[in-house]
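The next block holds one structure in the form of structure tokens; read it before the comments.
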Amino acid sequence: ALDGDLNPNAGPFAFELAHRPPDVRRNWTITRISGDYAQMSLKISFLETGIYEIPIIITDSGNLPMSNTSYLRIKVCQCDINGDCTDQQHIMAAGLGTGAIIAILLCIIILLILVLLFVVWMKRRDKERQAKQLLIDPEDDVRDNILKYDEEGGGEEDQDYDLSQLQQPDTIEPDAIKP
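So the sequence shown is numbered by this note's numbering: it starts at 2 and just counts up by one.
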């Protein structure tokens, strides 16, 4: 405890547990260590896990003693070998509740349905495109700069030419050219 007054109106302090609620004095004990410090401990061997607010009356040693009630918050839990709290209620509270898990599962299911609908829509669109291509006559398939002539090469007439003359056009004889 700390008191802003000077001697003799400051410490040593007297520490006492409040009378209300009655289970405070039944479950807890307070022991003065020195003039300014006290130690809280359990009187009973087992106390339910939880957070307890213990009212403590602190009185200074002045001519007219002044007192104040302070509330000390104490967390009671099961501890492991290292003294770390292994309280399962707080661990479970930090996890996801049933509602959150259901909401996450619903979102995943909705997402999978949307992906499935998109795949079905793409497949149907591809089938419609292929069906449209089969319905169009190749002669009616007119494009901007591609024309279909349905003609093949000239046959034997194309093979009458001497290709070496095409590579040297200056040496072509006028009577070698066919009309």
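Heads up, the beta-carbon is just placed ideally off N, CA and C, and yes, glycines get one too.
Spatial neighbours of C86 in its chain, beta-carbon cut-off 8 Å, leaving aside the 5 residues before and after:
K76, C78, Q79, C80
Give me, in chain order, the residues of the same chain whose beta-carbon lies closer than 7 Å to that of I111; leave out the 5 immediate sequence neighbours on both sides.
none
Just checking my contact of R74 with I52 at CB under 8 Å: how many whole Å lie between their CB atoms?
6 Å
C-alpha gap between Y72 and I55, whole angstroms
5 Å
When you compare each of P22, I59, F47 to G36 by their alpha carbons, which one comes out closest?
I59
According to DSSP, simplified to helix, strand and coil, what is L118?
helix
Please state if the CB of T30 and the CB of S46 are separated by a distance shorter than 9 Å.
no
If you draw a straight line from the C-alpha of C108 to the C-alpha of I102, how long is it?
10 Å
Assigned exposure category for D61 - 16 Cβ within 10 Å defines buried:
buried
Could you give the residue range of the beta strand (DSSP E) that holds R33?
29-33
Under 9 Å between C-beta atoms of T70 and A15
no
Residues in its own chain within less than 8 Å of E49 by CB, not counting five upstream and five downstream?
V77
Can you find the residues in the same chain that come closer than 6 Å, C-beta to C-beta, to Q40, ignoring five residues on each side of it along the sequence?
T32, I34
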